[in-house]
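Colleague: Chains as they are written, first to last, in this note's numbering: chain V, 0 to 279; chain A, 24 to 371; chain R, 18 to 265.
Backbone N, C-alpha and C fix where the C-beta goes; we use that ideal spot for every residue, glycine too.
Could you have a look at this structure, given as structure tokens, before my questions?
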């Protein structure tokens with residue numbers, strides 16, 4: 000039966016139930032959902048969903064959990080800054096939302112296999128990168144070095160602090176963290192995220208793939224520094240946030256010059272977008 | 024290709040028959056020198072020689088506001104909403120039809136937009152050879168003077184009381200013969216239609232680009248940093264008129280409203296446009312095109328390059344509606360592209 | 018909804034036309050009112066005391082003593098909504114501001130001007146923080162319903178930030194400038210469904226300036242392109258848009 004005969008519309012979400020909710024910082028919480036129809040999202044790292052709080056609206060969220068075979072549960076982490084996110088933060092376990100997706104491109108896991116991965120997570124960028132990172136940790140043998148750079152505006156805005164501390168304690172993961180503005184208790188690095196790059200020991204540029212997500216201002220500086228270190232442009236993957244609205248490449252809001260971030264992205268190989276004036 | 028001859032006096036019964044089956048829309052004069060499509064009735068006088076319809080016909084399959092889903096907020100369930108009335112647009116000019124064909128490609132590509140597709144499938148299009156060229160139009164130079172696909176019938180007025188009617192689809196032919204058989208067109212009539220087309224195309228080519236339209240994408244690629252964008256955008260009201268009247272623009276916003284009982288609700292889409300200030304604004308107040316200059320430039324790149332990069336034709340068909348709709352007089356793709364072209368000629 | 022939110026209506030200098038619009042909703046109003054408890058409503062009933070979940074306040078502030086009352090309402094209200102042009106943008110009351118108190122006070126009160134303490138008219142937000150605005154003169158009933166529903170949902174009410182031109186294009190209207198007429202739709206915040214132009218009139222600007230209104234471009238359109246005099250343009254703009262930092 001074709002989708003048409005099934006009265007199909009790509010604008011109809013399917014229901015999912017909140018199964019877990021966890022506070023990550025003052026403003027950010029983690030939400031775990033299970034689709035009510037028992038069908039997995041079958042997402043890949045870097046993809047996003049459109050989440051509906053009926054009556055309030057629909058908004059895009061990166062999937063933060065890695066692909067899993069044994070469970071249909073998926074996680075998003077959300078900063079409470081808008082109408083939909085406000086409503087989401089009031090949601091209680093057992094209550095439902097609507098979900099469309101997964102949408103968009105993803106980090107090509109196969110390409111990263113056997114190579115070193117440099118994760119560059121600025122601010123909330125850790126949320127989508129966590130999907131790829133946790134996938135690699137689950138299949139640790141298939142990947143080379145895992146280097147994780149985490150930059151946050153200030154210590155209060157750090158998220159997934161326990162998980163990052165666990166990572167830092169592992170011998171097979173290298174974690175570097177920094178904050179732009181420290182507080183009295185902060186003992187780590189201070190400065191923007193590019194200040195971490197020179198600290199990485201004996202990086203092999205040709206064998207290193209970069210996965211980068213952060214605030215709009217971050218990309219061009221990190222990309223420039225990565226290239227200075229000798230990492231080929233084709234090894235750099237970025238995920239670009241725009242105003243995804245329909246998720247289908249129709250509504251026009253997420254356009255970066257001539258490409259739609261929702262279907263041609265959000266994950267781009269840098270060489271695909273380096274000539275686009277509006278990209279980074 | 025099959026073609027028939029239809030005489031003016033045969034049209035009345037045909038229109039009456041068609042309007043029994045579906046909503047029929049025809050171009051009429053709505054005010055002094057202004058034309059638009061309106062529902063047909065026997066009292067309407069069809070403006071066979073209209074120059075351009077004030078509103079683009081996209082509203083017939085991409086309405087300004089359209090419901091997408093109905094939802095139950097408590098149960099968190101949703102069902103699609105489809106509305107697709109049978110309709111006939113009689114008198115569509117080739118440049119407008121080219122715009123429809125373009126919308127079809129974009130709405131069907133990737134994940135097909137079912138709301139658009141269903142309306143489109145229920146829409147019969149009878150194209151009409153223009154007899155006049157609007158003062159603001161430049162379709163003759165944009166490759167939009169002629170279109171081979173997308174019509175169910177193509178009408179050319181070959182004498183004060185006769186049309187040469189080319190069949191584009193079985194559905195069109197069936198409607199044409201709904202009141203009985205018609206004579207097939209003669210070679211002489213075919214020749215008369217060809218002459219009429221040649222005449223109007225020659226007239227249309229008189230106003231337009233000063234270079235071949237295929238050069239536009241490359242011209243723009245060289246002119247991202249042109250001073251023209253800032254110069255023109257100073258006068259931009261960011262009112263969106265140019266994109267909203269554009270027959271190839273399809274950007275939309277999605278919103279929703281609860282019913283008065285606060286239980287169910289409707290999610291709908293509404294026309295939006297890249298020229299409006301908060302079009303690219305994301306949560307956290309970052310605006311990816313915060314300046315009028317950036318929005319203004321985006322529109323010309325979209326019309327002249329981005330759409331071309333996607334489907335191999337320009338996103339501007341040269342209808343000239345934006346030229347007219349822009350109260351500040353800055354929205355004119357032909358003038359913008361020509362200015363960029365001429366500036367380059369002076370440099371070299 | 019466990020407990021019904023308590024709402025109230027208050028008015029300052031204005032014609033109470035907006036509350037009349039709400040009363041005119043009749044059956045639909047009763048449906049919405051099923052979700053709320055009414056505190057005060059001049060046009061429907063009187064009496065009742067705070068605190069309120071939502072206070073709808075109509076009219077502009079024209080006397081120093083209005084400020085005290087408005088501040089008291091603000092203190093008693095979780096959400097304060099400005100209702101109608103007088104409350105949101107100052108409205109036509111601000112026309113007097115261009116005259117100055119030395120002129121308008123004797124003009125209105127004659128030799129008793131000293132008895133009445135009035136000052137330049139201003140919108141609510143000039144005195145207290147305002148949480149939401151329902152623009153228009155008068156307000157659009159559908160917009161009132163929508164905003165009320167959105168507030169009951171805890172949602173920030175949607176308010177277009179683009180000009181009326183957008184809604185004219187949606188309606189398929191013929192632009193007033195086709196005939197060289199003046200129309201403030203090019204700078205006025207949309208949300209009225211372009212109702213005046215749709216009905217054959219022009220936009221008077223009752224919903225206030227759109228946040229990104231390009232005044233220089235608007236003057237160019239009205240004076241240079243439409244060929245209207247500076248004075249005519251000024252008169253039109255001063256009718257509703259009087260309370261602004263822009264020179265009119």
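1) Just to make sure I have the definition right: I need the residues of chain V whose C-beta is within less than 7 Å of the C-beta of residue 173 of chain R. Which are they?
2) When the Cβ atoms of the region 206-218 of chain V are set against those of the region 14-31 of chain V, are three or more pairs found closer than 8 Å?
3) In whole angstroms, give me the CA-to-CA distance for residue 370 of chain A and residue 331 of chain A.
4) So, does the region 67-81 of chain R touch the region 95-108 of chain R, judging by three or more C-beta pairs under 8 Å?
5) Looking at the structure shown, is residue 244 of chain R part of a helix, part of a strand, or coil, going by DSSP?
6) Where does the unbroken beta strand (DSSP E) through residue 36 of chain V begin, and where does it stop?
7) So, with DSSP's three-state summary, where would you put residue 22 of chain V?
8) Any beta-carbon of chain R closer than 7 Å to the one on residue 268 of chain A?
9) Give the residues from the region 242-266 of chain V that approach chain R closer than 8 Å (Cβ to any Cβ), ordered along the chain.
10) How about residue 115 of chain V and residue 144 of chain V: are their beta carbons less than 7 Å apart?
11) Quick test of the definition: if touching needs 3 or more C-beta pairs under 8 Å, does the region 351-361 of chain A touch the region 43-53 of chain R?
12) Let me know the beta strand (DSSP E) ranges lying completely inside the region 139-207 of chain A, each 3 residues or longer, listed in chain order.
13) Looking at C-alpha atoms only, which residue of V:7, V:85 and V:104 is the closest neighbour of residue 266 of chain V?
14) Using DSSP bridges, identify the partner residues of residue 254 of chain A.
15) What residues match up with residue 294 of chain A in a beta bridge as DSSP calls it?
16) Using a Cβ-Cβ cut-off of 7 Å, state whether residue 221 of chain V counts as contacting chain R.
17) What is the rounded straight-line gap between the Cα of residue 43 of chain V and the Cα of residue 225 of chain V?
18) Would you check if the distance between the CB atom of residue 49 of chain A and the CB atom of residue 80 of chain A is smaller than 7 Å?
19) Helix, strand or coil, according to DSSP, for residue 112 of chain R in the structure here?
20) Could you tell me which chain V residues have their CB closer than 8 Å to the CB of residue 103 of chain A, listed as they occur along the chain?
21) Can you tell me whether DSSP reads residue 79 of chain R as helix, strand or coil?
22) Excluding the 5 residues flanking residue 232 of chain V on each side, which residues of the same chain have their C-beta closer than 7 Å to its C-beta?
23) With distances taken between CB atoms, is the gap from residue 196 of chain A to residue 190 of chain A smaller than 7 Å?
24) In terms of residue numbering, what span does the alpha helix (DSSP H) encompassing residue 323 of chain R cover?
25) How would you list, in chain order, the residues of chain V whose beta-carbon sits under 9 Å from the beta-carbon of residue 256 of chain A?
26) Would you say residue 97 of chain V faces chain A, with C-beta separation under 7 Å as the test?
27) Once the 5 residues before and after residue 303 of chain A are set aside, which same chain residues still bring their CB inside 7 Å of it?
28) Note the first and the last residue of the continuous beta strand (DSSP E) segment covering residue 98 of chain V.
29) Going along the chain, which residues of its own chain have a beta-carbon closer than 6 Å to the beta-carbon of residue 167 of chain A, five neighbours each way excluded?
30) So what does DSSP say about residue 42 of chain A, is it helix, strand or coil?
31) Less than 7 Å between CB atoms is the rule here; does residue 77 of chain V satisfy it with respect to chain R?
32) Just to make sure I have the definition right: I need the residues of chain A whose C-beta is within less than 8 Å of the C-beta of residue 276 of chain V. Which are they?
33) Since residue 224 of chain R meets chain A, which of its residues come closer than 9 Å, beta carbon to beta carbon?
34) Nearest CA to the CA of residue 190 of chain V: which residue from V:65, V:121 and V:69?
35) Would you list, in chain order, the members of the region 34-61 of chain V that have their beta-carbon closer than 9 Å to a beta-carbon of chain A?
36) Going by C-alpha to C-alpha distance, which of A:265, A:170 and A:253 sits closest to residue 224 of chain A?
Modeller: Here's the rundown:
1) Chain-ordered, the chain V residues with CB closer than 7 Å to the CB of residue 173 of chain R read 82.
2) These segments do not touch.
3) Spanning the alpha carbons of residue 370 of chain A and residue 331 of chain A requires a straight line of approximately 26 Å.
4) Taking a contact to require three or more Cβ pairs closer than 8 Å, the region 67-81 of chain R and the region 95-108 of chain R qualify as touching.
5) Three-state DSSP puts residue 244 of chain R in coil, outside helix and strand.
6) No beta strand (DSSP E) contains residue 36 of chain V, which DSSP labels as neither H nor E.
7) Looking at residue 22 of chain V - three-state DSSP - the assignment turns out to be strand.
8) Yes, because at least one Cβ of chain R sits closer than 7 Å to the Cβ of residue 268 of chain A.
9) Within the region 242-266 of chain V, no residue has a Cβ that lies closer than 8 Å to any Cβ of chain R.
10) Yes, the pair counts as a contact, with Cβ atoms nearer than the cut-off.
11) The region 351-361 of chain A is not in contact with the region 43-53 of chain R.
12) If we require 3 residues or more, the beta strand (DSSP E) runs fully inside the region 139-207 of chain A come out as 146-151, 176-182 and 185-190.
13) Of V:7, V:85 and V:104, the residue nearest in Cα terms is V:104.
14) Residue 254 of chain A has no beta-bridge partner at all, per DSSP.
15) Paired residue(s): A:275.
16) Chain R contact via Cβ: absent.
17) In this structure, the CA atom of residue 43 of chain V is about 25 Å from the CA atom of residue 225 of chain V.
18) The answer is no: Cβ separation not under 7 Å.
19) Residue 112 of chain R falls in the helix class under three-state DSSP.
20) One finds 6, 7, 8, 10 and 11 in chain V with Cβ atoms closer than 8 Å to the Cβ of residue 103 of chain A, taken in chain order.
21) In the three-state reduction of the DSSP assignment, residue 79 of chain R falls in the coil class, being assigned neither a helical nor a strand state.
22) Excluding residues up to 5 positions away in sequence, 226, 269, 270 and 273 lie with their Cβ nearer than 7 Å to the Cβ of residue 232 of chain V in the same chain.
23) Yes.
24) With chain R covering 18 to 265 only, the question about residue 323 of chain R has no answer from this structure.
25) Against chain V, the beta carbon of residue 256 of chain A has no neighbour under 9 Å; the closest one sits roughly 16 Å away.
26) Yes, residue 97 of chain V counts as interfacial toward chain A.
27) For residue 303 of chain A, where only same-chain residues beyond five positions count, the Cβ hits under 7 Å are 310, 311 and 312.
28) 95-102 is the span of the beta strand (DSSP E), which, as asked, contains residue 98 of chain V.
29) Excluding residues within five positions, the ones whose Cβ falls inside 6 Å are 118, 121, 340 and 341.
30) In the structure shown, residue 42 of chain A sits in a helix (DSSP, three-state: H, G or I).
31) By this cut-off, residue 77 of chain V is not an interface position.
32) Within 8 Å Cβ-Cβ: 247.
33) Neighbours of residue 224 of chain R on chain A: none; closest Cβ ~14 Å, over 9 Å.
34) By alpha-carbon distance to residue 190 of chain V, the top candidate from V:65, V:121 and V:69 is V:121.
35) Taking 9 Å as the Cβ-Cβ cut-off against chain A, the residues of the region 34-61 of chain V that qualify are 35, 51, 52, 53, 54, 55, 56, 57 and 58.
36) Out of A:265, A:170 and A:253, A:170 has the C-alpha closest to the C-alpha of residue 224 of chain A.
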